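J.: If you read the protein sequences in the order shown, they are chains U and R. Each residue of the first sequence is one higher than the one before, counting from 4 in my numbering. Each residue of the second sequence is one higher than the one before, counting from 45 in my numbering. Note that CB positions come from ideal geometry on N, CA and C, so glycine has one too. Given the structure is predicted, the values throughout are model-derived calculations rather than measurements.
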Amino acid sequence: MNTQISTDICIIGAGPVGLFAVFEAGLLKMRCHLVDVLPQVGGQLSEIYPQKPIYDIPGYPEIKAQELVDNLMEQIKPFDPGFTLGERVERLTKQEDGSYQVMTSDKTSIHCKVVVIAGGLGCFEPRKPDIENLQLFEGKGVSYMVKDPELYRDRKVVLAGGGDSALDWTIFLANIAQEVTLVHRGDTFRGAPDSAEKVFKLAEMGKINLVLSAHLNKINGDTHLEKVHLLSKTKEEKILDADYLIPLFGLSPKLGPIGEWGLNIEKSAIAVNTEDYSTNVERIYAIGDINTYPGKLKLILSGFHEAALMCQSAFKYVYPDQKLSFKYTTVYGVNTF
Amino acid sequence: MIKLTVVDRDDTEQEIEIPTDINLNLMEVLKASEYNILATCGGMALCATCHVQVLEGLEQLTDAQDAELDMLDTLPDAGTDSRLACQLKVNEQLNGIKVKIRGEEA
Ligand SMILES: Cc1cc2nc3c(=O)[nH]c(=O)nc-3n(C[C@H](O)[C@H](O)[C@H](O)COP(=O)(O)OP(=O)(O)OC[C@H]3O[C@@H](n4cnc5c(N)ncnc54)[C@H](O)[C@@H]3O)c2cc1C
Ligand code: FES
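Quick look at the structure:
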């Protein structure tokens with residue numbers, strides 16, 4: 004917290020396009036720092052479809068999404084980029100000399116000469132159940148991910164959801180919390196079969212409470228969460244004492260803070276100049292799924308191309324006194340700093 | 045022609061007609077009819093943003109496969125009448141049904 008980082012290019016978004024931009028920047032001896040709100044790199048590939056094969060990456064007749072991300076990480080290793088994961092970029096502040104201060108949700112501050120927005124579809128944010136007062140208790144008992152399981156030691160925890168993360172955390176917290184209740188809308192789980200089986204076993208052994216065919220209805224408390232009200236399909240109400248409520252319904256992308264930075268936004272995407280993928284604000288570029296221009300295709304391939312052109316243009320801000328001459332990697336190799 | 049009724053998020057209702065011989069799914073038809081649907085995954089049952097509630101005609105639809113049920117399980121607001129529009133092929137099964145759009149806006 005309150006970390007200070009200094010770099011040439013700050014890349015917002017560690018999806019495939021942000022990752023490849025590190026390589027292109029590295030060839031021109033520009034250092035990069037990446038920030039992503041997700042706890043892992045890879046953007047949509049790692050979050051939505053890690054096991055799906057992709058067929059339109061040149062040179063790979065078929066490659067699994069996560070494998071492509073792993074390869075990109077390998078490819079950029081020589082350039083040793085910095086990463087800040089699990090934090091959302093909230094603010095960009097222009098400095099007197101034209102450089103930028105990038106501020107995250109956890110107060111990490113990144114000073115850079117160029118900002119590259121490779122934010123894809125935007126921030127992946129938790130899907131929230133539709134219950135009154137939910138926002139009021141965020142950070143006061145309600146959270147949408149488990150960052151530090153120790154927080155729940157000897158406490159009463161209610162989890163909600165039917166996917167893998169709800170099952171996995173229920174199993175994990177069963178040994179840590181004083182009381183764990185899992186609430187699920189249906190009566191069967193379709194997450195990984197052995198996780199579902201484990202959850203049913205734990206319930207049989209009395210190690211967790213399992214409330215099926217029910218949903219969250221109300222929450223209340225004084226300054227911190229105290230009670231969670233459930234409503235069953237047959238409209239019966241059940242009230243649980245709870246210190247923590249963790250709704251786990253997956254993530255959904257939202258444009259988020261990017262919309263507030265004075266950039267030209269057209270239908271949730273940033274309008275750019277196709278010469279170099281610069282935005283209407285000097286020293287801020289936008290590449291990959293987040294940008295838009297006539298003929299835009301939301302493909303990994305297009306994002307890679309955009310990353311290369313962006314770097315050629317960004318060079319003038321990082322090395323204002325040097326002239327850039329283009330060289331192939333076959334001539335030049337991949338020289339690190 | 046297949047006729048179905050679409051209820052938007054603001055409860056406005058509209059009947060739409062679709063030719064029987066097109067190889068599309070309901071999500072694509074809704075998008076083509078200018079409904080605001082995110083459909084992040086492009087119809088792979090991976091994002092659940094094409095969630096619809098079937099108000100009428102649920103019984104005439106083919107049963108949901110595991111991938112669809114898995115995704116529906118992750119939605120906080122899914123009910124027994126929920127489906128993913130991208131998993132519903134345009135054919136006779138859709139004739140006369142009424143769906144309400146529930147997924148997130150683009
Ligand atoms: C199911 C599916 C299948 C696909 N198949 C293919 C295919 O076969 N071929 C193909 O070319 N493309 C495919 N795509 C599209 C491809 O995934 C995208 O084009 C690609 O992911 C775009 O990369 P990106 O780096 O621009 O953005 P993303 O992958 O979306 O990454 C953006 C990252 O930015 C982060 N972010 C956003 N805002 C902030 C902020 N304010 N602070 C911090 N972090 C932020 C997000 O958390 C995210 O991790 C597919 C997409 C899906 C969903
Ligand atoms: S479009 Fe993604 S699940 Fe239907």
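Chain R partners of I51 of chain U, CB-CB under 8 Å?
T.: Sequence index remark: in the first sequence, residue 51 of chain U carries index 48 (1-based). Going along chain R in sequence order, the residues near I51 of chain U (Cβ under 8 Å) are T84, C85, L90, C91.
J.: In angstroms with no decimal places, state the Cα-to-Cα distance between I134 of chain U and T10 of chain U.
T.: Taking the first residue of the first sequence as position 1, residue 134 of chain U is located at position 131. Taking the first residue of the first sequence as position 1, residue 10 of chain U is located at position 7. Going from the Cα of I134 of chain U to the Cα of T10 of chain U covers about 43 Å.
J.: Find the residues of chain R that neighbour G29 of chain U, judging by a C-beta separation of less than 8 Å, and give them in chain order.
T.: Taking the first sequence and counting its residues from 1, the one referred to as residue 29 of chain U is at position 26. Ordered by position in chain R, no residue passes the 8 Å Cβ test against G29 of chain U, which lies about 30 Å from the chain.
J.: Does the distance between the C-beta of A129 of chain R and the nearest non-hydrogen atom of ligand 2 fall short of 7 Å?
T.: Position 85 of the second sequence, counted from the start, is the residue given in the question as residue 129 of chain R. Yes, the Cβ of A129 of chain R comes within 7 Å of a heavy atom of ligand 2.
J.: Quick check: the Cα distance between E149 of chain R and T84 of chain R, rounded to an integer number of angstroms?
T.: Here residue 149 of chain R corresponds to residue number 105 of the second sequence, with the count starting at 1. Here residue 84 of chain R corresponds to residue number 40 of the second sequence, with the count starting at 1. Using only the alpha carbons, I get a separation of about 10 Å.
J.: At a cut-off of 7 Å, would you count L90 of chain R as near ligand 2, judging by its Cβ distance to the nearest heavy atom?
T.: As a working mapping, residue 90 of chain R is identified with position 46 in the second sequence. Yes.
J.: Return yes when at least one heavy atom of ligand 1 lies under 7 Å from the C-beta of P64 of chain U, else no.
T.: In the first sequence, counting from the first residue as 1, residue 64 of chain U sits at position 61. No, the Cβ of P64 of chain U stays beyond 7 Å of every heavy atom of ligand 1.
J.: Does any C-beta atom of chain C lie closer than 8 Å to the C-beta of S255 of chain U?
T.: As a matter of chain content, chain C is missing from the structure shown, whose protein chains are U and R.
J.: For K270 of chain U, is the classification buried or exposed, using 16 other Cβ atoms within 10 angstroms of its Cβ as the cut-off for buried?
T.: Taking the first residue of the first sequence as position 1, residue 270 of chain U is located at position 267. Exposed is the call here.
J.: Let me know if Q58 of chain R comes out buried or exposed under the rule of 16 or more other beta-carbons within 10 Å of its beta-carbon.
T.: Along the second sequence, read from residue 1 onward, the residue named residue 58 of chain R stands at position 14. Exposed, since its Cβ has fewer than 16 Cβ neighbours within 10 Å.
J.: Report the option in U:P297, U:A68, U:E263, U:L254 whose CA atom is closest to the CA atom of A274 of chain U.
T.: Residue 274 of chain U sits at position 271 when you count from the first residue of the first sequence. Here the closest residue by C-alpha is U:P297.
J.: Under 6 Å Cβ to Cβ from I261 of chain U, same chain only, skipping five residues before and after it: list those, please.
T.: For the purposes of this step, residue 261 of chain U is taken as the residue at position 258 of the first sequence. Result list for I261 of chain U: G122, in chain order.
J.: At a Cβ threshold of 8 Å, is D244 of chain U touching chain R?
T.: Along the first sequence, read from residue 1 onward, the residue named residue 244 of chain U stands at position 241. For D244 of chain U, the answer is no, since every Cβ of chain R falls outside 8 Å of its Cβ.
J.: Assuming G164 of chain U and T118 of chain R make a contact with CB atoms under 8 Å, what is their CB distance in whole Å?
T.: Against the first sequence, residue 164 of chain U aligns to sequence position 161. Against the second sequence, residue 118 of chain R aligns to sequence position 74. Yes, G164 of chain U and T118 of chain R are in contact; Cβ-Cβ is about 7 Å, under 8 Å.
J.: Have a look at R:T56, R:V51, R:D52, R:T64 and flag the residue whose alpha-carbon is nearest the alpha-carbon of M45 of chain R.
T.: For the purposes of this step, residue 45 of chain R is identified with residue 1 of the second sequence, where counting begins at 1. Checking every option, the nearest Cα to that of M45 of chain R belongs to R:T64.
J.: In the segment 124 to 139 of chain U, which residues sit with their C-beta less than 8 Å from some C-beta in chain R, listed in chain order?
T.: Answer in chain order: L124, R130, K131, P132, D133.
J.: Run the proximity test for A122 of chain R: is its beta-carbon closer than 7 Å to any non-hydrogen atom belonging to ligand 2?
T.: Locating residue 122 of chain R in the second sequence gives position 78, counting from the first residue. A122 of chain R: no, Cβ never under 7 Å from ligand 2.
J.: Does the beta carbon of D54 of chain R sit closer than 8 Å to a beta carbon anywhere in chain U?
T.: In the second sequence, the residue the question calls residue 54 of chain R occupies position 10. False, the Cβ-Cβ gap to chain U never drops below 8 Å.
J.: Could you tell me which residues DSSP pairs with L304 of chain U in its beta bridges?
T.: Here residue 304 of chain U refers to the residue found at position 301 when the first sequence is read from its first residue. According to DSSP, which records beta bridges pairwise, L304 of chain U is partnered with nothing at all.
J.: For ligand 4, is there a heavy atom less than 7 Å away from the beta-carbon of I303 of chain U?
T.: As far as ligands go, the structure on display features ligand 1 and ligand 2 and does not contain ligand 4.
J.: Apart from the five residues just before and just after C13 of chain U, which ones in its own chain have a Cβ nearer than 6 Å to its Cβ?
T.: Walking along the first sequence from the start, residue 13 of chain U turns up at place 10. Excluding positions up to five away in sequence, the list reads H36, V105, I113, C115, V118.
J.: Is G85 of chain U closer than 8 Å to L248 of chain U when the C-beta atoms are compared?
T.: Here residue 248 of chain U refers to the residue found at position 245 of the first sequence. Here residue 85 of chain U refers to the residue found at position 82 of the first sequence. Going by C-beta atoms, L248 of chain U is not nearer than 8 Å to G85 of chain U.
J.: Can you tell me the Cα-Cα spacing of A272 of chain U and T295 of chain U, whole angstroms?
T.: Taking the first sequence and counting its residues from 1, one reaches residue 272 of chain U at position 269. Taking the first sequence and counting its residues from 1, one reaches residue 295 of chain U at position 292. One C-alpha to the other measures close to 6 Å.
J.: Of the residues that make up the segment 80 to 107 of chain U, which ones have a beta carbon closer than 9 Å to any beta carbon in chain R?
T.: Cβ contacts with chain R: none found.
J.: Roughly how many whole angstroms lie between the Cα atoms of E50 of chain U and Q43 of chain U?
T.: Taking the first residue of the first sequence as position 1, residue 50 of chain U is located at position 47. Taking the first residue of the first sequence as position 1, residue 43 of chain U is located at position 40. Those two C-alpha atoms are separated by around 8 Å.
J.: Along the segment 224 to 252 of chain U, what residues have a CB closer than 7 Å to any CB found in chain R?
T.: Result list: P250, F252.
J.: Report yes or no: is there a C-beta of chain R within less than 8 Å of the C-beta of G21 of chain U?
T.: The residue given as residue 21 of chain U occupies position 18 in the first sequence. No, G21 of chain U does not count as interfacial toward chain R.
J.: Please confirm whether K159 of chain U and E141 of chain U have their CB atoms less than 8 Å apart.
T.: Here residue 159 of chain U is taken as the residue at index 156 of the first sequence, counted from 1. Here residue 141 of chain U is taken as the residue at index 138 of the first sequence, counted from 1. Not in contact: K159 of chain U and E141 of chain U (Cβ atoms no closer than 8 Å).
J.: Identify the contact partners of T118 of chain R in chain U, using a Cβ-Cβ distance below 7 Å as the criterion.
T.: Working through the second sequence from its first residue, we reach residue 118 of chain R at position 74. Neighbours of T118 of chain R on chain U, chain order: G164, G165, G166, F252, G253.
J.: Is the beta carbon of I211 of chain U sitting closer than 8 Å to the one on T173 of chain U?
T.: Here residue 211 of chain U refers to the residue found at position 208 when the first sequence is read from its first residue. Here residue 173 of chain U refers to the residue found at position 170 when the first sequence is read from its first residue. Yes, Cβ-Cβ distance for I211 of chain U and T173 of chain U is below 8 Å.
J.: Can you tell me whether DSSP reads L137 of chain U as helix, strand or coil?
T.: Residue mapping note: residue 137 of chain U aligns to position 134 of the first sequence, counting from 1. Here L137 of chain U sits in coil by DSSP.
J.: If you scan the segment 191 to 272 of chain U from start to end, which runs of the alpha helix (DSSP H) of 4 or more residues do you find wholly inside it?
T.: Segments of the alpha helix (DSSP H) lying fully in the segment 191 to 272 of chain U: 196 to 207.
J.: I'd like the list of long-range same chain contacts for T332 of chain U, defined as Cβ closer than 8 Å, with 5 residues on each side in sequence excluded.
T.: Within the first sequence, numbered from 1, the residue matching residue 332 of chain U stands at position 329. Correct list, in chain order: L30.
J.: For a quick check, are the C-beta atoms of A122 of chain R and R188 of chain U less than 8 Å apart?
T.: By 1-based counting over the second sequence, the position of residue 122 of chain R is 78. By 1-based counting over the first sequence, the position of residue 188 of chain U is 185. It is a contact, given that the beta carbons lie within the stated cut-off.
J.: Using 8 Å for Cβ pairs, my map puts Q69 of chain U next to Q47 of chain U. What's the rounded Cβ distance?
T.: As a first step, residue 69 of chain U must be located in the first sequence, where it is residue number 66. As a first step, residue 47 of chain U must be located in the first sequence, where it is residue number 44. Not confirmed; about 11 Å, so no contact.
J.: Which runs of the alpha helix (DSSP H) spanning at least 4 residues fall entirely within the segment 46 to 99 of chain R, listed in chain order?
T.: DSSP runs (the alpha helix (DSSP H)) wholly in the segment 46 to 99 of chain R: 70 to 76.
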